[in-house]
Amino acid sequence: MENSRVVGLIPSRLQSSRLPNKPILKIGTYEMVVHVGKRSSLSKRLDEIFVCTDSREITNICSVNNIPVILTSNDHSNGTERIGEAAKNLGLSDDDIVVDIQGDEALVDPMVIDRVVNHLHVTGADIVVPYIEITDGSNENRVKLVESSGRVLYMTRAAAPYQFFGLGSYKKHLSVIAFKYSALKVFCSSPASPLEKIEGVELLRAIENGLRVVTYREESESIAVDTMDDYKQVCKLILRDQYYGKY
7 MENSRVVGLI
17 PSRLQSSRLP
27 NKPILKIGTY
37 EMVVHVGKRS
47 SLSKRLDEIF
57 VCTDSREITN
67 ICSVNNIPVI
77 LTSNDHSNGT
87 ERIGEAAKNL
97 GLSDDDIVVD
107 IQGDEALVDP
117 MVIDRVVNHL
127 HVTGADIVVP
137 YIEITDGSNE
147 NRVKLVESSG
157 RVLYMTRAAA
167 PYQFFGLGSY
177 KKHLSVIAFK
187 YSALKVFCSS
197 PASPLEKIEG
207 VELLRAIENG
217 LRVVTYREES
227 ESIAVDTMDD
237 YKQVCKLILR
247 DQYYGKY
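Residue numbers (the numbering used here): 7 to 253.
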């Protein structure tokens with residue numbers, strides 16, 4: 007797997023229920039999806055990157071900014087299915103690596119991408135999803151994971167695990183996820199799982215299908231833009247961002 011092809015795929019769509027048209031909202035100089043593409047291109051571990059979308063508008067914006075695009079179907083229920091369709095067109099082998107970089111991660115750190123890929127190599131896992139520690143687990147837009155010895159047991163929008171003694175933290179998953187291509191194929195060939203439907207957390211499908219999903223702690227936070235408040239916060243943070251001036 008050390009010589010595997012490593013491809014970064016950025017799923018992006020306009021029809022967000024919480025913040026419509028968010029991929030094309032301007033943050034400083036660029037649209038959000040352009041930030042994600044350009045920041046991902048700073049990764050040292052990605053051989054290629056592509057934005058995966060069903061939108062001609064997103065395609066045109068990416069083309070103007072020299073970001074490759076794979077046009078996908080408009081009937082996917084989540085971003086993982088969208089990148090699965092795109093990956094199928096790239097002629098990947100089972101041991102190649104696909105890194106899912108969410109299109110709303112406007113401040114994604116390219117070094118996190120590198121570390122996620124490295125962790126997949128070291129562990130030999132099917133999927134790697136990093137986390138950061140948070141003290142408030144009540145926000146349902148922030149998916150928390152429960153792990154044991156680095157293996158992800160469950161993912162939820164609830165505050166879990168329950169803090170019986172009132173002390174402790176939660177593990178919020180970050181939206182930079184590395185897949186062996188073989189694992190991505192299993193995910194995409196499987197129907198939505200019972201727990202996935204209940205929680206609205208797509209990676210539960212991988213866990214319920216027996217894939218080995220592992221995690222590790224990250225220190226670098228990246229804010230997924232899910233709401234207008236998130237968007238306003240990112241617009242402020244970008245002004246002092248260490249990578250912004252590099253692209």
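All residues carry an ideal CB built from backbone N, CA and C; glycine is no exception.
Because the structure is a prediction, the values reported are computed rather than measured.
Opening and closing residue of the beta strand (DSSP E) in which PHE171 lies:
As a working mapping, residue 171 is identified with position 165 in the sequence shown. Careful: PHE171 lies outside any beta strand (DSSP E) and carries neither H nor E.
Using 8 angstroms as the threshold, is the C-beta distance between ALA112 and ILE213 below it?
As a working note, residue 112 is residue 106 in the sequence shown. As a working note, residue 213 is residue 207 in the sequence shown. Not a contact, by the Cβ cut-off of 8 angstroms.
Own chain residues within Cβ distance below 6 angstroms of SER18, not counting five before or after:
Sequence index remark: in the sequence shown, residue 18 carries index 12 (1-based). Result list for SER18: PRO29, VAL39, VAL57, THR59, ILE64, GLY109, in chain order.
Can you tell which of TYR137, HIS125, ASP132 has its C-alpha closest to the C-alpha of GLY216?
Residue 216 sits at position 210 when you count from the first residue of the sequence shown. The candidate whose alpha carbon is nearest that of GLY216 is ASP132.
Here's the rule I'm using: 16 or more other beta-carbon atoms within 10 Å means buried, otherwise exposed. How should MET234 be labelled?
Counting from 1 along the sequence shown, the entry for residue 234 is found at position 228. Exposed, because fewer than 16 other Cβ atoms sit within 10 Å of the Cβ of MET234.
From the DSSP output, in three-state form, read off VAL114 for me.
Residue numbering aside, residue 114 sits at position 108 when the sequence shown is read from its first letter. Here VAL114 sits in coil by DSSP.
Three-state secondary structure (DSSP) of ARG157:
Locating residue 157 in the sequence shown gives position 151, counting from the first residue. In this structure, ARG157 counts as strand in the three-state DSSP scheme.
Is the region 137-154 touching the region 218-230 in the sense that three or more CB pairs, one from each, lie closer than 8 angstroms?
yes
Return the CA-CA distance between ALA189 and ASN72, expressed in angstroms with no decimal places.
Numbered from its first residue, the sequence shown carries residue 189 at position 183. Numbered from its first residue, the sequence shown carries residue 72 at position 66. In a straight line, the C-alpha of ALA189 is about 30 angstroms away from that of ASN72.
Determine which residues share a DSSP beta bridge with GLU202 and list them.
As a working note, residue 202 is residue 196 in the sequence shown. None; GLU202 has no bridge partner.
From LEU48 to TYR237, what does the alpha carbon distance come to, in whole angstroms?
In the sequence shown, residue 48 corresponds to position 42, counting from 1. In the sequence shown, residue 237 corresponds to position 231, counting from 1. Each residue's alpha carbon lies about 23 angstroms from the other.
Whose C-alpha, out of SER196, GLN169, VAL104, is nearest the C-alpha of GLY14?
If you number the sequence shown from 1, residue 14 lands on position 8. Minimum Cα distance to GLY14 is reached at VAL104.
Span of the beta strand (DSSP E) around HIS41
For the purposes of this step, residue 41 is identified with residue 35 of the sequence shown, where counting begins at 1. Here HIS41 belongs to no beta strand (DSSP E); instead the alpha helix (DSSP H) covers 38-46.
Can you tell me the Cα-Cα spacing of ARG163 and ILE183, whole angstroms?
Taking the first residue of the sequence shown as 1, we reach residue 163 at position 157. Taking the first residue of the sequence shown as 1, we reach residue 183 at position 177. Straight-line Cα distance between these residues: approximately 18 angstroms.
Own chain, CB closer than 7 angstroms to ASN95, minus 5 neighbours either side, in chain order
Residue mapping note: residue 95 aligns to position 89 of the sequence shown, counting from 1. So the qualifying residues of the chain are ILE76.
Buried versus exposed call for LEU91 [16 or more other C-beta atoms within 10 Å across all chains shown]
Position 85 of the sequence shown, counted from the first residue, corresponds to residue 91. Here residue 91 is Glu; the residue named in the question, Leu, does not match the sequence. It counts as buried.
Where do the N-terminal and C-terminal ends of the beta strand (DSSP E) with GLU54 fall, by residue?
In the sequence shown, the residue the question calls residue 54 occupies position 48. Per DSSP, GLU54 belongs to the beta strand (DSSP E) from 54-59.
Report the rounded CA-to-CA distance for ASN27 versus SER61, giving the unit in angstroms.
Within the sequence shown, residue 27 is the residue found at index 21, counting from 1. Within the sequence shown, residue 61 is the residue found at index 55, counting from 1. Near 11 angstroms, if we compare the C-alpha coordinates of SER61 and ASN27.
Endpoints, alpha helix (DSSP H) assigned at VAL192:
One-based indexing of the sequence shown puts residue 192 at position 186. It spans 187-195 - the alpha helix (DSSP H) in which VAL192 sits, taken as one unbroken run.
What does a CB cutoff of less than 6 angstroms around VAL220 pick up in its chain, not counting 5 residues either side in sequence?
Residue numbering aside, residue 220 sits at position 214 when the sequence shown is read from its first letter. THR129, ALA131, VAL134, GLY156, ARG157.
Exposure of SER144, with buried meaning 16 or more beta-carbon neighbours within 10 Å:
For the purposes of this step, residue 144 is identified with residue 138 of the sequence shown, where counting begins at 1. Label assigned to SER144: exposed.
Nearest-angstrom Cα distance between ARG246 and TYR36?
Locating residue 246 in the sequence shown gives position 240, where the first residue counts as 1. Locating residue 36 in the sequence shown gives position 30, where the first residue counts as 1. C-alpha separation (whole angstroms): 15 angstroms.
Tell me whether SER69 sits in a helix, a strand or coil according to DSSP, three-state version.
Your numbering for residue 69 matches position 63 in the sequence shown. SER69 falls in the helix class under three-state DSSP.
Where does THR86 sit, in a helix, a strand or coil, going by DSSP?
As a working mapping, residue 86 is identified with position 80 in the sequence shown. Looking at THR86 - three-state DSSP - the assignment turns out to be helix.
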